[in-house]
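S.K.:
Residue numbers (the numbering used here): 94 to 535.
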């Protein structure tokens, strides 16, 4: 259909690009060892963007309706924003592994057995165990009137385990997952079970939280509040809007020299990998922060045009609406950190960073991440799952505590990087020790 759409555009607009996408999704939910729900869905859609008389219009459809799609796109352009997009031309796309045949062809029975096996391994007295399995198989086709064309298939597999334990008014919930393009390996499932089990065992004893300006170890799971402000500040859209605190700091030291941030869509077998973005720009590895020094920002075609730079290949689009900026595989940690394929948690929480802590916290999960003025770097969140660390050892789980601080201040000089680096979906990181985090009792 995409070729018919672009053929219809010629002569009625100066330029156009289109993205066609199809995805088949299977989702399973298992509670207490029983299959609670199983659903299969399929969706297909096409997104068309046209440039006419210096203005851009966008339309989408899930139907086979070329004329209607083009009519809506041209009507959108009549009222659209003025911008000239530099559509990419024909180019060879890099080879990257984005799909796995075994995952694509796995039967429903096999997926159910996978979920039940995990549920059985997590079961125990007083535990309510929920397991979710999701498999998606997709095909993406891109083309534009400048001659660019790309096509690739993709798979994604995720399996998640959640254990709840209720004792009086104390409700404990421990959650973890692994994700990739392939079915989880035995090693990944072993790590998933170990990670949840260790967290549960360490949480059995409840202790009073500490107070004051303290050292805090953030696990890879707990780092969401730290990484999110950086992601937003590294977006070219935030720079254009004048809200990024990093906008005028290219070439400056903004983080501890032990930290780097890289976006890499060319990693084999990762959920964010692809040979080109949704605007046809070939993928490439992009260092954003190198050894603490700010090197660049991510752009799609529109933000790049407005900023007077080239797109970095970070355009993402759905069936409806105009493209926006999206990261791929984000690596956050040491410049030379080994990035492997394993996707599990180590049994040693904190990645070896607890030994020197006289009194502090290990934070594994926070409440309300993403709310408030995230881009400023300031955060203040109650803990959902955290442990007190005394004399280098975890002494128990803390409740009714909150932490606060500013990401940019805390990351200027970190206390250490853990040896527990792992993938969480499309983000790789290890535990971090940050000094001077404000800890308060609630």
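All C-beta atoms, glycine included, are put in the ideal place defined by N, C-alpha and C.
(1) Quick check on this structure: which residue in 390, 261, 241 has the alpha carbon closest to the alpha carbon of residue 323?
(2) Quick one: Cα of residue 297 to Cα of residue 490, how far?
(3) Among the candidates 486, 462, 367, 363, whose CA atom is the shortest distance from the CA of residue 471?
(4) Starting from the C-beta of residue 385, find all residues in its chain whose C-beta is less than 7 Å away, skip the five residues before and the five after it, and write them out in chain order.
(5) Is the region 145-158 in contact with the region 251-270, if contact means three or more CB pairs nearer than 8 Å?
(6) I need the straight-line Cα distance from residue 542 to residue 117, nearest angstrom please.
(7) According to DSSP, which residues form a beta bridge with residue 245?
(8) Quick check on DSSP: helix, strand or coil for residue 480?
(9) Taking the straight line between their C-alpha atoms, what separation do you get for residue 336 and residue 342?
(10) Tell me residue 407's beta-bridge partners as DSSP assigns them.
(11) Kindly list the residues whose CB is nearer than 7 Å to the CB of residue 364, restricted to its own chain and excluding five residues on each side of it in sequence; keep chain order.
(12) Can you give, in chain order, each stretch of the alpha helix (DSSP H) that sits fully within the region 146-223 and has at least 4 residues?
(13) Rounded to whole angstroms, how far is the Cβ of residue 339 from the Cβ of residue 321, which I believe are closer than 8 Å?
(14) Please tell me whether residue 110 and residue 373 are closer than 8 Å, where the distance is taken between their beta carbons.
(15) So, is residue 264 buried or exposed, given that buried needs 16 or more other C-beta atoms within 10 angstroms?
(16) Could you check if residue 334 is buried or exposed, using at least 16 other CB atoms within 10 Å of its CB as the buried criterion?
(17) So residue 344 and residue 400 are supposed to be a Cβ contact under 8 Å. How far apart are they, rounded?
(18) Quick check: residue 524 and residue 448, are their CB atoms within less than 8 Å of each other?
(19) Of the residues 495, 484, 469, which one's Cα is nearest the Cα of residue 475?
(20) Report all residues from its chain with a CB closer than 8 Å to the CB of residue 195; omit the five preceding and five following residues, and keep chain order.
(21) Does DSSP classify residue 346 as helix, strand or coil?
(22) Take residue 197 as the anchor and find which of 231, 185, 179 has the nearest alpha-carbon.
(23) Go to residue 288, then tell me how far its alpha helix (DSSP H) extends in each direction, as first and last residue.
(24) For residue 263, name the three-state secondary structure that DSSP assigns.
(25) Take residue 361 and list the residues in its own chain whose beta-carbon comes closer than 6 Å to its own, dropping the five residues that flank it on each side.
(26) Using a 10 Å radius around the Cβ and a threshold of 16 neighbouring Cβ atoms, would you call residue 139 buried or exposed?
(27) Within its chain, find whatever has a CB closer than 6 Å to the CB of residue 500; leave out the 5 residues flanking it on each side and keep chain order.
(28) Within the region 471-519, note down every full beta strand (DSSP E) run reaching 3 residues or more, in order along the chain.
(29) Please report the distance separating the alpha-carbon of residue 209 from that of residue 313.
(30) What number of angstroms, rounded off, separates the C-alpha of residue 95 from the C-alpha of residue 236?
(31) Looking only at its chain, what residues have a beta carbon closer than 6 Å to the beta carbon of residue 147, apart from the 5 residues adjacent to it on each side?
(32) Please list, in chain order, all residues of the same chain as residue 187 whose beta carbon is under 8 Å from its beta carbon, the five residues on each side excluded.
(33) Let me check understanding here. Comparing Cα to Cα, which of 268, 417, 325 lies closest to residue 394?
(34) Quick check: what's the CA-CA separation for residue 135 versus residue 115?
(35) Are residue 302 and residue 484 closer than 8 Å when you measure CB to CB?
(36) Of the choices 458, 404, 199, 304, whose alpha-carbon is the least far from that of residue 289?
M.R.: Looking at the coordinates:
(1) 390
(2) 7 Å
(3) 462
(4) 346, 347, 348, 349, 350, 352
(5) no
(6) The chain is shown from 94 up to 535; residue 542 falls before or after that span and cannot be answered.
(7) 233
(8) strand
(9) 13 Å
(10) In the DSSP output, where bridge partners are listed per residue, residue 407 has none listed.
(11) 249, 272, 273, 274, 518, 519
(12) 159-171, 194-198, 201-215
(13) Their Cβ separation, rounded to whole angstroms, is 14 Å, which puts residue 339 and residue 321 out of contact at 8 Å.
(14) yes
(15) exposed
(16) Result: exposed.
(17) The Cβ separation is near 17 Å, so there is no contact.
(18) Their beta carbons are not under 8 Å apart, which means residue 524 does not touch residue 448 by this criterion.
(19) 495
(20) 275, 276
(21) strand
(22) 231
(23) 279-295
(24) In the structure shown, residue 263 sits in a strand (DSSP, three-state: E or B).
(25) Here the set comprises 190.
(26) Flag for residue 139 reads buried.
(27) 319, 322, 470
(28) 471-483, 486-491, 494-499, 515-517
(29) Going by C-alpha positions, residue 209 is about 26 Å away from residue 313.
(30) About 7 Å.
(31) 175
(32) 359, 368, 375, 376, 377
(33) 417
(34) 7 Å
(35) No, Cβ-Cβ distance for residue 302 and residue 484 is not below 8 Å.
(36) Nearest of 458, 404, 199, 304 to residue 289, Cα basis: 458.
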